[in-house]
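In terms of numbering that gives the first Met the number 0, the sequence shown opens at residue 0 and continues consecutively. The structure appears right after this line, and notes come after that.
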Amino acid sequence: MKSDASFTQQLLAALARNSPAFNGSSAASPGPDDPDTPRRVPDLTRDDFTGANLSDADLDRTNFAGRRLVNANLAGASLRGATFAGADLTGARLHDADLARANFSRANLARADLARAHLARASLTRANLMGADLTWTSLADAVLDGVRWNTETKWPNDRAAEIRRRSEMRPDGTFRIRTRTASASGPELRPPRPRRSAQPVPTAGRNGPTAELDRLVRAFATRHRPEGDPNDLPIVVLWGSRGSGNSELLRHLRTVDDWPGPRAFLDGERLPARLRPHQVASRLAFQLAYKAEGFGRARFPRFFLGMAAVREPLDLDSGAAARDVRRDLFNQRLRNRSEGRHWLRESAAAIADVADLDAPVTGAVGLAVDGLMEITRTQRLLRGTAMTWYRDILDLHFQDPADGLVELSIQEFLGNRDSVDEVLCRAFVADLRHEFEATLGWNARRTNAVVLLDNVGTPSLSRFLGTLSGLEDNSGPLLVVAASHQRFPPAAAEHPTSWRPDALGEASISRWSAQRAARGGSRYYPVRVDPIEEVAPTAEPDRPEVRAIADRLGLDPGLFPTVAFAHRLTAGHPTGLSMVLDALRGPDGTLSPDLDPRATLGLSGPDGQGLDDRVLGLVLGPRADTMLRGVVLMALALDLSDARFAQILAGASPSSGSLLSRYRERDLWVTHRFDDGVPRPPRMHPFARRAIAHRLARPGGLAGAGLDWTRAHELLRNAAAVSDDVTATLYHDLALGRVREVATRLTALFDPADPKRWYELLLQVTAAPLARPDQGTTTRDRLSVPGDTDLMVPTRLISALQRHTDPLGDPHHDTCDIIAYELGELARKATAGAPFLIEQSMKFQQCWNRWHPSRY
Numbered sequence: 000m001k002s003d004a005s006f007t008q009q010l011l012a013a014l015a016r017n018s019p020a021f022n023g024s025s026a027a028s029p030g031p032d033d034p035d036t037p038r039r040v041p042d043l044t045r046d047d048f049t050g051a052n053l054s055d056a057d058l059d060r061t062n063f064a065g066r067r068l069v070n071a072n073l074a075g076a077s078l079r080g081a082t083f084a085g086a087d088l089t090g091a092r093l094h095d096a097d098l099a100r101a102n103f104s105r106a107n108l109a110r111a112d113l114a115r116a117h118l119a120r121a122s123l124t125r126a127n128l129m130g131a132d133l134t135w136t137s138l139a140d141a142v143l144d145g146v147r148w149n150t151e152t153k154w155p156n157d158r159a160a161e162i163r164r165r166s167e168m169r170p171d172g173t174f175r176i177r178t179r180t181a182s183a184s185g186p187e188l189r190p191p192r193p194r195r196s197a198q199p200v201p202t203a204g205r206n207g208p209t210a211e212l213d214r215l216v217r218a219f220a221t222r223h224r225p226e227g228d229p230n231d232l233p234i235v236v237l238w239g240s241r242g243s244g245n246s247e248l249l250r251h252l253r254t255v256d257d258w259p260g261p262r263a264f265l266d267g268e269r270l271p272a273r274l275r276p277h278q279v280a281s282r283l284a285f286q287l288a289y290k291a292e293g294f295g296r297a298r299f300p301r302f303f304l305g306m307a308a309v310r311e312p313l314d315l316d317s318g319a320a321a322r323d324v325r326r327d328l329f330n331q332r333l334r335n336r337s338e339g340r341h342w343l344r345e346s347a348a349a350i351a352d353v354a355d356l357d358a359p360v361t362g363a364v365g366l367a368v369d370g371l372m373e374i375t376r377t378q379r380l381l382r383g384t385a386m387t388w389y390r391d392i393l394d395l396h397f398q399d400p401a402d403g404l405v406e407l408s409i410q411e412f413l414g415n416r417d418s419v420d421e422v423l424c425r426a427f428v429a430d431l432r433h434e435f436e437a438t439l440g441w442n443a444r445r446t447n448a449v450v451l452l453d454n455v456g457t458p459s460l461s462r463f464l465g466t467l468s469g470l471e472d473n474s475g476p477l478l479v480v481a482a483s484h485q486r487f488p489p490a491a492a493e494h495p496t497s498w499r500p501d502a503l504g505e506a507s508i509s510r511w512s513a514q515r516a517a518r519g520g521s522r523y524y525p526v527r528v529d530p531i532e533e534v535a536p537t538a539e540p541d542r543p544e545v546r547a548i549a550d551r552l553g554l555d556p557g558l559f560p561t562v563a564f565a566h567r568l569t570a571g572h573p574t575g576l577s578m579v580l581d582a583l584r585g586p587d588g589t590l591s592p593d594l595d596p597r598a599t600l601g602l603s604g605p606d607g608q609g610l611d612d613r614v615l616g617l618v619l620g621p622r623a624d625t626m627l628r629g630v631v632l633m634a635l636a637l638d639l640s641d642a643r644f645a646q647i648l649a650g651a652s653p654s655s656g657s658l659l660s661r662y663r664e665r666d667l668w669v670t671h672r673f674d675d676g677v678p679r680p681p682r683m684h685p686f687a688r689r690a691i692a693h694r695l696a697r698p699g700g701l702a703g704a705g706l707d708w709t710r711a712h713e714l715l716r717n718a719a720a721v722s723d724d725v726t727a728t729l730y731h732d733l734a735l736g737r738v739r740e741v742a743t744r745l746t747a748l749f750d751p752a753d754p755k756r757w758y759e760l761l762l763q764v765t766a767a768p769l770a771r772p773d774q775g776t777t778t779r780d781r782l783s784v785p786g787d788t789d790l791m792v793p794t795r796l797i798s799a800l801q802r803h804t805d806p807l808g809d810p811h812h813d814t815c816d817i818i819a820y821e822l823g824e825l826a827r828k829a830t831a832g833a834p835f836l837i838e839q840s841m842k843f844q845q846c847w848n849r850w851h852p853s854r855y
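Put into structure tokens, the structure is as follows:
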């Protein structure tokens with residue numbers, strides 16, 4: 000174990016940067032010269048850091064080479080340029096840490112938690128990442144040569160497939176990442192570069208969702224807004240289904256290096272469900288109090304006083320003069336005496352405990368409480384404008400503001416939590432606003448503080464935003480950007496027509512302002528990061544969306560049909576598109592225009608899990624056990640109109656039914672479509688429908704749901720028949736392979752004079768999923784025999800349309816001319832409706848011509 004003077008000096012320097020008491024600096028004056036935020040004090044008397052708590056510490060460029068940090072807590076720490084070469088970090092907690100340019104060569108990171116860490120340009124050469132969690136970790140330009148990992152290692156979604164392709168399996172069943180060249184010192188593992196070099200391919204960081212979000216947030220964060228109140232800010236909610244990347248986009252904002260203002264981040268899934276709004280605010284205040292380059296430090300004295308008041312609820316029955324005694328006690332504690340200094344430190348520790356900071360601190364929410372000079376300045380600040388602010392709270396006016404704090408303590412004792420939370424959240428915002436209004440002219444702070452909230456639909460964050468959004472004087476200069484896998488706020492699920500989200504590329508201040516009136520003046524602004532792109536079966540193989548994807552990935556025009564297939568299969572779902580294209584790549588990592596993609600959803604990764612299973616996991620989310628059966632039936636249903644959804648609920652328990660109803664209403668894997676502003680019945684996302692149908696059709700079905708292909712469709716078909724739902728009955732009959740029965744019924748319903756409504760029914764019915772589109776010979780060979788001559792609507796037309804509608808059934812569009820021929824023949828049997836059917840026939844003939852240009 001190394002123990003040199005330079006290592007100790009670096010930790011001493013880090014301590015000095017973290018403690019105003021250590022370096023003698025003051026927290027009294029705002030601005031860029033404020034002292035750094037007091038953080039935890041590392042124990043410098045030991046060389047072994049096993050189990051050490053260094054979370055949120057500033058340890059940039061610290062040398063931990065060869066040291067033992069087993070189970071150490073470095074969560075949220077700043078470790079830019081730090082050296083961990085050869086160090087043992089088994090089980091270490093490094094989530095949310097900034098590890099840019101850090102050196103982990105030959106380090107042992109087995110079972111380490113690196114979720115959401117920033118590892119841009121870090122070196123992990125030959126590191127051990129067995130069982131490590133790198134979910135949502137930024138690995139841009141990181142060196143991963145020789146890294147060892149296993150099936151328990153969790154890679155970020157955007158790098159997982161590439162890492163698997165470049166890894167080799169070792170005899171013990173683990174994996175090792177190969178270098179990109181034969182040389183051991185070759186270039187690092189990077190995303191594949193485009194083949195064409197005539198013009199650089201735009202990356203997502205410059206022209207994609209990342210850049211669009213960056214532009215949007217900077218526009219809202221700029222305080223110079225001549226057209227309106229700079230404190231009238233939206234609560235931006237990034238809507239995206241699980242796997243859409245909206246959480247990753249949010250974390251990108253956290254790692255932007257040149258942000259000139261305070262930032263804070265919380266993940267709702269990591270917070271206790273019963274956390275109250277003011278307790279959420281306390282966690283944010285500690286983060287916002289970190290020193291920001293070009294801004295200085297934000298301090299929260301009003302919030303500090305309020306938190307100190309409610310931690311000692313006052314029972315008026317404790318004595319006749321209880322109110323007077325408590326008021327005098329507040330005034331005494333704010334004097335610079337031993338009792339006051341002790342109370343200040345004790346209160347700071349209690350507030351830190353509320354924020355889940357379990358180690359000793361030298362300050363709280365931007366206020367220093369360690370060192371005589373620092374405490375003197377802090378008490379002066381608390382006695383001044385912070386105390387005065389409490390004259391007018393709870394719709395009351397108090398001559399002595401200390402009485403306001405006493406009343407807050409009483410309300411806490413009485414259990415009036417909403418009122419207490421509202422006051423404390425107002426104090427939290429008022430403190431932040433004062434930090435901006437206290438600077439003017441050339442020294443003015445021009446960029447709003449930004450709070451980033453992931454999984455905002457969770458109870459604690461939902462309540463916090465409910466309180467924040469209800470503040471009468473707005474919440475600026477606090478800009479909230481949240482991510483949600485549900486329609487949030489709840490009003491968006493209740494009134495989908497007026498809460499249709501803007502696409503990320505179209506979102507703007509003016510659009511938000513224009514939409515507020517229809518939403519009752521709400522400050523919430525939903526922005527969709529994964530707009531659903533349902534592609535018509537007759538769409539071109541070189542449509543603009545396909546060209547854009549191919550250009551971004553550096554793919555040749557010869558691969559347009561493959562990209563078009565993936566785009567149509569996934570309906571443009573960002574992660575789904577990457578998953579499909581990665582699954583289609585060969586062992587050498589390249590795509591081939593000659594591949595047969597019909598079995599795509601059954602392809603397995605190194606962990607043995609099929610693509611359909613991975614999609615099913617994303618769709619189900621955390622409630623897989625209780626919702627599996629219901630979600631599978633929702634995916635197979637024609638749509639989720641009230642009547643058809645009721646048939647699914649009929650077989651569910653009350654608790655499962657409640658969960659499924661909430662899922663249909665709020666989850667973003669359920670699509671809510673509109674035709675000319677008129678809402679259509681909701682449906683499961685096209686990619687989810689196709690993946691779940693494929694998984695159910697496997698031998699044995701889904702045992703956990705008690706369903707297989709036949710049983711599931713029979714259940715839905717019989718329920719539809721009882722309700723006299725002809726469309727759904729035929730839809731499920733076709734899914735069960737009853738082609739002749741369907742053709743017979745459609746023949747009876749055919750209207751030769753006006754076939755438009757009949758044709759719409761035909762398209763709805765033939766959208767039924769195929770059980771095993773990957774089995775047998777080519778699609779065209781199976782349909783080459785002419786259809787039944789005794790039926791006006793031949794079975795060959797039904798089968799060809801069903802296969803053509805399913806991307807997996809006819810990926811190369813081999814049935815277009817068959818459909819065109821059969822529709823032409825049907826037009827000959829029609830009367831006044833013949834021109835309409837000829838027009839539809841021509842659409843499919845044109846589709847054939849576009850996909851097979853060499854055959855005509």
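Note that beta-carbon positions come from the ideal geometry of N, C-alpha and C, so glycine has one too.
Span separating the alpha-carbon of residue i from that of residue j
i, j, result
"N72", "R262", "22 Å"
"R382", "R425", "18 Å"
"I234", "W708", "44 Å"
"V579", "E539", "19 Å"
"R795", "T804", "14 Å"
"G370", "V255", "34 Å"
"A711", "A702", "12 Å"
"R873", "R663", "The first residue shown for the chain is 0 and the last is 855, placing residue 873 beyond what the model contains."
"A101", "E268", "28 Å"
"G676", "T496", "7 Å"
"Q331", "L356", "28 Å"
"V40", "L68", "In this prediction, V40 scores a pLDDT of 41, lower than 50, which makes its location untrustworthy; the coordinate-derived value is nonetheless stated afterwards. Going from the Cα of V40 to the Cα of L68 covers about 16 Å."
Three-way DSSP call (helix, strand, coil) for residue i in this model
i, result
"Q844", "helix"
"S509", "helix"
"E406", "helix"
"I647", "helix"
"M791", "coil"
"M683", "strand"
"F294", "coil"
"A826", "helix"
"E151", "coil"
"T221", "strand"
"M129", "coil"
Given residue i as reference, the closest of the options once Cα atoms are compared
i, options, result
"D641", "A367, S654, G616, R679", "R679"
"S317", "I409, R597, V422", "I409"
"N848", "T537, V364, T89", "T537"
"G456", "R445, Q485, R325", "Q485"
"A846", "L825, G823, D813", "First, the residue type needs correcting, since residue 846 is Cys and not Ala in the sequence shown. Residue D813 is the option with its Cα nearest to C846."
"R310", "L404, G293, F427, Q331", "L404"
"P586", "H684, A119, G65, E161", "E161"
"V725", "L714, L735, V741", "V741"
In DSSP terms, what residue i is bridged to
i, result
"P525", "V236"
"A677", "For clarity, residue 677 is Val in the given sequence; the question names Ala instead. In the DSSP output, where bridge partners are listed per residue, V677 has D674."
"Q286", "Q286 is not bridged to any residue."
"A502", "R527"
"H396", "D391"
Just list the alpha helix (DSSP H) runs in the region 332-387, keeping only unbroken ones of 4 residues or longer that don't cross its boundaries, in chain order.
337-353, 371-380
Taking only runs that begin and end inside the region 730-782, name each unbroken alpha helix (DSSP H) of 4 or more residues, in chain order.
738-748, 755-764, 778-781
If we require 4 or more residues per run, which alpha helix (DSSP H) segments fall completely within the region 549-575?
559-569
In chain order, each beta strand (DSSP E) run of at least 3 residues that lies wholly inside the region 415-463:
448-453
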